[in-house]
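Residue 36 in full-length UniProt numbering sits at position 36 of the sequence shown; the count goes up by one each step and never skips.
We put the CB at the ideal spot given by N, CA and C, even for glycine.
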Amino acid sequence: MKERRKREGQRQPKKRAIEVRIISAQDLEDVKLIGKMRCYAVLYIDPEHKASTRIDENGGINPFWNELLVLQADDELLSQNMAAVNVDIYARGHMRDKLVGTSRILISQVLKGGDAANLYDNPIGCMPVLVRRPSGRPQGILNIWIPPAGKFLLRRSSLSFSRVDCDEQDNVKERENGLKSEAGGRARADEHSPQDVIVNGYH
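Pasting the structure below:
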């Protein structure tokens, strides 16, 4: 009996916690006919283990959460090529909540390993990702950060982002992309950006 329990215990996949900072979204589709949208986000890697933000009461199509959530997934799932952090954004309704859009970030594109206590291995930033409507049409941007080590270096209480932080990082990226385009005649990054690769997962 003891041996059987031991074998069953060994079969249990090892769970891993992945920390995610979901900051905000902007220019979402307005799915509410009357009044302002009240949006929240549901995040998961494993559909059996979901985490949710609070409801943003004031932002409407530009909700702001700035919350750190912990997602659970086993190592076997995380090792799959198409494993992803899924973010479903909903608008709160009187009768039912309505799906506004979804973002999908491939784990292989963001988790790089390294020492969580080393700022060089584990920087903090803001990553813009496309939001897609249920039809697949892109509408809106999600601002999120998943640390490369899967865990934040700083204490959770000290992690804080604002819309200004994300806007500044977007402006820096736009300037860098503009310089690259002028120097090498490349297409602008907004036509085929790394975020498209992460979101679609097929390029």
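Candidates the options: which alpha carbon is nearest residue i's?
i, options, result
"E29", "R133, E76 and R104", "R133"
"Y90", "K32, K15 and K14", "K32"
"R16", "W145, F64, K98 and Q72", "Q72"
"H49", "V70, M95, D97 and M127", "V70"
"M127", "N143, S135 and G136", "N143"
"I146", "G136, N62, Q80 and R104", "R104"
"T102", "V131, S135, G93 and R92", "V131"
"S108", "G93, V129, R54 and L78", "L78"
"I34", "F64, H94 and T53", "H94"
Take residue i and list the residues in its own chain whose beta-carbon comes closer than 8 Å to its own, dropping the five residues that flank it on each side.
i, result
"S157", "Low confidence applies here, because S157 scores a pLDDT of 42, under 50, leaving its location unreliable; read the following figure in that light. Cβ neighbours of S157 beyond the five flanking positions: none."
Rounded to whole angstroms, how far is the Cβ of residue i from the Cβ of residue j, which I believe are closer than 8 Å?
i, j, result
"P138", "V110", "The Cβ separation is near 20 Å, so there is no contact."
"Y40", "D27", "Rounded, the Cβ-Cβ distance is 17 Å, inconsistent with contact."
"A25", "I141", "7 Å"
"A23", "N66", "Checking the displayed sequence, the identity of residue 23 turns out to be Ile instead of Ala. Indeed they touch by this definition, with Cβ atoms about 5 Å apart."
Quick one: what's got a C-beta closer than 6 Å to residue i's C-beta in the same chain, skipping five residues either side?
i, result
"P13", "D74 and E76"
"D97", "Y90"
"N62", "Q26"
"R92", "R38 and I55"
Give me, in chain order, the residues of the same chain whose beta-carbon lies closer than 7 Å to that of residue i; leave out the 5 immediate sequence neighbours on both sides.
i, result
"G60", "K36 and M37"
"L99", "D88, Y90 and P134"
| task | For the UniProt domain "C2" (1-120), list the beta strand (DSSP E) runs that are entirely contained and at least 3 residues long, ordered along the chain. | result | Runs found: 15-26, 39-44, 50-52, 64-74, 84-91 and 98-106.
| message | Would the stretch 77-92 count as touching the stretch 39-46 if we require 3 or more Cβ pairs under 8 Å? | response | By the Cβ rule, the stretch 77-92 counts as touching the stretch 39-46, because three or more pairs are nearer than 8 Å.
| query | If you scan the stretch 123-148 from start to end, which runs of the beta strand (DSSP E) of 3 or more residues do you find wholly inside it? | reply | Within the stretch 123-148, the complete beta strand (DSSP E) runs of at least 3 residues are 127-132 and 138-145.
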